[in-house]
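Below is one structure; the comments refer to it alone.
2 protein chains.
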Amino acid sequence: MKTAVFVKPGEMTVEDRPMPEIKEPTDAVLKIVRACVCGSDLWWYRGISDRPHNSPAGHEAIGIVEKVGSAVKDVQPGDFVIAPFTHGCGHCAACLAGFDGDCLNAESDGEIVGYQGEYLRFRNAAWALVKVPGQPGDYTDDQLNDLLTLSDVMATGYHAATSAEVHQDDTIVVMGDGAVGLCGVIAAKLLGAKRIIAMSRHADRQALAKEFGATDVVPERGDDAVKAVMALTDGAGADAVLECVGTEQSVDTAVKVGRPGAIVGRVGVPQKADMNTNNLFWKNIGLRGGIAAVTTDDRQTLLKAVLDGEIHPGKVFTQRFSLDEIQKAYEAMDQRKAIKSLLVVSRATNN
Amino acid sequence: MKTAVFVKPGEMTVEDRPMPEIKEPTDAVLKIVRACVCGSDLWWYRGISDRPHNSPAGHEAIGIVEKVGSAVKDVQPGDFVIAPFTHGCGHCAACLAGFDGDCLNAESDGEIVGYQGEYLRFRNAAWALVKVPGQPGDYTDDQLNDLLTLSDVMATGYHAATSAEVHQDDTIVVMGDGAVGLCGVIAAKLLGAKRIIAMSRHADRQALAKEFGATDVVPERGDDAVKAVMALTDGAGADAVLECVGTEQSVDTAVKVGRPGAIVGRVGVPQKADMNTNNLFWKNIGLRGGIAAVTTDDRQTLLKAVLDGEIHPGKVFTQRFSLDEIQKAYEAMDQRKAIKSLLVVSRATNN
Numbered sequence: 001m002k003t004a005v006f007v008k009p010g011e012m013t014v015e016d017r018p019m020p021e022i023k024e025p026t027d028a029v030l031k032i033v034r035a036c037v038c039g040s041d042l043w044w045y046r047g048i049s050d051r052p053h054n055s056p057a058g059h060e061a062i063g064i065v066e067k068v069g070s071a072v073k074d075v076q077p078g079d080f081v082i083a084p085f086t087h088g089c090g091h092c093a094a095c096l097a098g099f100d101g102d103c104l105n106a107e108s109d110g111e112i113v114g115y116q117g118e119y120l121r122f123r124n125a126a127w128a129l130v131k132v133p134g135q136p137g138d139y140t141d142d143q144l145n146d147l148l149t150l151s152d153v154m155a156t157g158y159h160a161a162t163s164a165e166v167h168q169d170d171t172i173v174v175m176g177d178g179a180v181g182l183c184g185v186i187a188a189k190l191l192g193a194k195r196i197i198a199m200s201r202h203a204d205r206q207a208l209a210k211e212f213g214a215t216d217v218v219p220e221r222g223d224d225a226v227k228a229v230m231a232l233t234d235g236a237g238a239d240a241v242l243e244c245v246g247t248e249q250s251v252d253t254a255v256k257v258g259r260p261g262a263i264v265g266r267v268g269v270p271q272k273a274d275m276n277t278n279n280l281f282w283k284n285i286g287l288r289g290g291i292a293a294v295t296t297d298d299r300q301t302l303l304k305a306v307l308d309g310e311i312h313p314g315k316v317f318t319q320r321f322s323l324d325e326i327q328k329a330y331e332a333m334d335q336r337k338a339i340k341s342l343l344v345v346s347r348a349t350n351n
Numbered sequence: 001m002k003t004a005v006f007v008k009p010g011e012m013t014v015e016d017r018p019m020p021e022i023k024e025p026t027d028a029v030l031k032i033v034r035a036c037v038c039g040s041d042l043w044w045y046r047g048i049s050d051r052p053h054n055s056p057a058g059h060e061a062i063g064i065v066e067k068v069g070s071a072v073k074d075v076q077p078g079d080f081v082i083a084p085f086t087h088g089c090g091h092c093a094a095c096l097a098g099f100d101g102d103c104l105n106a107e108s109d110g111e112i113v114g115y116q117g118e119y120l121r122f123r124n125a126a127w128a129l130v131k132v133p134g135q136p137g138d139y140t141d142d143q144l145n146d147l148l149t150l151s152d153v154m155a156t157g158y159h160a161a162t163s164a165e166v167h168q169d170d171t172i173v174v175m176g177d178g179a180v181g182l183c184g185v186i187a188a189k190l191l192g193a194k195r196i197i198a199m200s201r202h203a204d205r206q207a208l209a210k211e212f213g214a215t216d217v218v219p220e221r222g223d224d225a226v227k228a229v230m231a232l233t234d235g236a237g238a239d240a241v242l243e244c245v246g247t248e249q250s251v252d253t254a255v256k257v258g259r260p261g262a263i264v265g266r267v268g269v270p271q272k273a274d275m276n277t278n279n280l281f282w283k284n285i286g287l288r289g290g291i292a293a294v295t296t297d298d299r300q301t302l303l304k305a306v307l308d309g310e311i312h313p314g315k316v317f318t319q320r321f322s323l324d325e326i327q328k329a330y331e332a333m334d335q336r337k338a339i340k341s342l343l344v345v346s347r348a349t350n351n
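Which chain is which? The protein sequence lines are A and B, in order.
Heads up: the first sequence is residues 1 to 351, going by UniProt numbering.
Heads up: the second sequence is residues 1 to 351, going by UniProt numbering.
Pasting the structure below:
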């Protein structure tokens with residue numbers, strides 16, 4: 001089967017690899033329909049973080065269940081599923097509390113799997129897979145893209161919003177205009193935010209942020225951005241802040257634009273571990289967030305919102321590629337030509 | 001009028017100073033009935049933090065309104081009040097959001113006032129003072145002590161618990177067995193916690209923690225404390241953590257004893273600003289807290305709980321002194337002979 005492989009920084013290829021097999025009772029094998037490239041994939045693509053060379057890549061997909069291990073009862077071969085990047089067991093204290101991205105039982109045997117391929121060995125499939133009604137052919141092209149975002153990016157934007165405890169009628173700041181930040185705008189609106197201030201300096205992303213529900217756009221950064229938000233909020237600051245970047249400057253700005261008592265919900269993987277938390281304490285600013293709770297949030301909220309047509313996160317895919325075009329898919333994101341690159345993998349769709 | 005004065009580190013005295021006057025329309029002058037010594041007073045008493053020498057001291061009291069400025073309508077001369085250490089205006093974005101300890105209008109003219117004295121100029125009194133029904137003489141000695149804790153220590157313990165978002169039936173860890181930590185135990189129980197693990201290594205404080213509702217006591221510190229909590233929680237960690245110390249070790253332990261998704265509610269003033277927040281991110285541990293919202297929480301919850309006899313935070317006062325004994329009151333806390341030192345200032349009581 002064909003699968004995307006990370007050769008070395010800057011170089012992706014497609015190779016023929018053995019079909020994945022069931023190794024554990026909790027495994028499933030999926031036939032991938034659509035996958036995509038994540039902003040976090042760019043870290044190792046750009047050589048900023050380490051990843052073994054010649055390893056399969058990707059962690060977002062939708063597909064059809066091909067085989068299941070004996071412990072997998074929730075889904076059956078033939079089911080159409082979202083394949084989260086998380087692998088919750090569904091019954092540990094973390095999963096029960098709604099944090100399945102931090103599942104206490106999600107051990108790995110070390111095999112690196114890649115969702116950007118024709119087939120995938122999905123570990124801990126007993127609970128984590130999210131079943132979608134019907135078959136891919138029952139959905140439009142746009143709907144399939146919306147569903148694909150529920151494997152990571154939309155769930156991650158939503159996690160930023162729930163971590164920040166967005167309430168009805170709140171004024172929100174969203175740091176970051178990448179696909180996660182844009183999904184954060186969708187999430188803030190879904191949770192009832194009245195005013196959504198998107199921090200963005202790119203015209204195409206500003207436009208999409210507004211389409212998704214942003215009421216204001218602030219192109220400034222750093223202290224100028226803080227001043228702009230304060231001017232927009234009568235000097236008070238925002239009720240909640242979604243931090244979808246992870247750089248030191250973005251986290252710093254996120255803390256400064258919150259009103260006393262606001263929570264910064266962060267999903268941008270921290271670029272720098274150490275931070276001055278006095279800035280939090282003296283303004284009662286909270287810091288929450290981390291790995292998204294994909295299965296929990298998909299099942300409780302996001303799948304219905306997509307199926308009802310209430311949200312359209314699939315619009316973050318501004319370029320589409322076949323699996324064979326994997327190098328181009330990464331380049332488009334690396335060069336900021338695409339907000340997010342879609343990979344149409346199999347013909348198990350009506351498109 | 002007599003007031004406690006900080007002479008220099010290690011030396012307190014009582015001096016005769018001019019009667020405080022109304023300087024601003026939002027001022028009130030209070031005749032103090034009872035005051036007390038705070039753990040944070042020990043910082044400058046011990047010379048760890050700076051404070052102008054020969055300045056009045058203290059920030060916790062109950063008393064009778066003596067005079068009010070023209071803008072003060074909520075209270076009148078003769079009213080019995082709790083004098084919070086906070087000075088919320090009641091109408092800025094911070095106060096409206098329930099964070100009056102971070103009031104956006106609480107400017108000071110720089111005058112250092114001391115609650116440990118016969119009279120007090122209380123700034124921003126238009127909203128911040130908490131009126132108590134009746135007069136001091138209507139209350140028992142124990143009730144007056146309970147009411148006194150609502151000026152800071154009980155409200156601060158409660159703020160740790162609300163910042164940590166303690167829910168019904170939760171398992172809680174409370175870091176710190178000082179008066180604030182002990183009030184944190186009370187707060188956790190008040191909010192419905194099922195299991196309260198108090199971190200304490202002093203027999204008298206362990207006993208009071210249990211009286212207040214602690215179900216388990218862990219005397220270890222650091223990694224041993226983490227192991228002990230994990231053993232008590234089947235390896236999961238606590239649902240919420242109250243950090244009432246502020247040292248680097250305590251904050252570090254607080255983060256490590258939380259289950260994924262737990263929030264550390266901290267009110268211990270941070271000893272060290274920088275911390276590694278990756279430990280938060282990868283377990284979705286939240287960090288909230290700061291200055292208590294005394295007026296809000298007293299009015300919404302704590303005053304009723306005291307008046308109903310549901311909580312008895314005044315038990316943290318294990319030694320009592322007259323104002324003239326101010327040096328002894330500080331020494332008792334400095335030498336850990338008292339959990340918290342009470343100052344009985346005026347005879348406007350039935351005791």
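Glycine residues also receive a C-beta, built at the ideal position from the N, C-alpha and C atoms.
To the nearest whole angstrom, what separates the beta carbons of residue i and residue j, a pair I think is in contact under 8 Å?
i, j, result
"residue 314/A", "residue 142/A", "6 Å"
"residue 21/A", "residue 345/A", "Actually they are not in contact, since the Cβ atoms of residue 21/A and residue 345/A sit about 19 Å apart, beyond 8 Å."
"residue 243/B", "residue 261/B", "So it is not a contact: roughly 17 Å between Cβ atoms."
"residue 226/B", "residue 253/B", "6 Å"
"residue 171/B", "residue 238/B", "5 Å"
With 8 Å set as the bound, which would you pick, yes or no: does the beta-carbon of residue i sit closer than that to a beta-carbon of chain B?
i, result
"residue 351/A", "For residue 351/A, the predicted structure reports a pLDDT of 41, less than 50, and the residue's modelled location is therefore unreliable. A value from the coordinates is still provided. Closer than 8 Å: no."
"residue 342/A", "no"
"residue 17/A", "no"
"residue 288/A", "yes"
"residue 196/A", "no"
"residue 323/A", "no"
"residue 64/A", "no"
"residue 20/A", "no"
Would you verify that the beta carbon of residue i is, or is not, closer than 8 Å to some beta carbon of chain A?
i, result
"residue 124/B", "no"
"residue 85/B", "no"
"residue 133/B", "no"
"residue 274/B", "yes"
"residue 231/B", "no"
"residue 48/B", "no"
"residue 283/B", "yes"
"residue 172/B", "no"
"residue 277/B", "yes"
"residue 102/B", "yes"
"residue 254/B", "no"
"residue 261/B", "yes"
Are residue i and residue j closer than 8 Å when you measure CB to CB?
i, j, result
"residue 35/A", "residue 61/A", "yes"
"residue 120/A", "residue 63/A", "yes"
"residue 191/A", "residue 166/A", "yes"
"residue 151/A", "residue 99/A", "no"
"residue 5/A", "residue 57/A", "yes"
"residue 96/A", "residue 66/A", "no"
"residue 219/B", "residue 250/B", "no"
"residue 179/A", "residue 339/A", "yes"
"residue 160/A", "residue 28/A", "no"
"residue 290/B", "residue 102/B", "yes"
"residue 257/A", "residue 241/A", "yes"
"residue 175/B", "residue 255/B", "no"
"residue 153/A", "residue 33/A", "no"
Q: Decide if the region 272-286 of chain B is in contact with the region 128-147 of chain A; the criterion is three or more beta carbon pairs, one per stretch, under 8 Å apart.
A: no
Q) Can you list, in chain order, the stretches of the alpha helix (DSSP H) that have 4 or more residues and sit fully within the region 112-195 of chain B? A) The DSSP assignment places complete alpha helix (DSSP H) segments of no fewer than 4 residues inside the region 112-195 of chain B at 141-149, 153-163 and 179-190, in order along the chain.
Q) Counting pairs of Cβ atoms below 8 Å between the region 64-78 of chain A and the region 17-33 of chain B, do you hit three or more? A) no
Q.
Quick check for students: name the residue ranges of the beta strand (DSSP E) that lie wholly in the region 219-283 of chain A, counting only runs of 3 or more.
A. 238-243, 258-266 and 274-276
Q | Residue ranges of each alpha helix (DSSP H) within the region 2-26 of chain A, 4 or longer | A | none
**Q.** Stretch-stretch touch, CB-based, cutoff 8 Å, three pairs: the region 303-318 of chain A with the region 296-311 of chain B
**A.** no
Q) Do three or more CB pairs link the region 99-114 of chain A to the region 263-279 of chain B at distances below 8 Å? A) no
Q | alpha helix (DSSP H) runs wholly inside the region 280-343 of chain A, at least 4 long, in chain order | A | 294-297, 303-307 and 326-334
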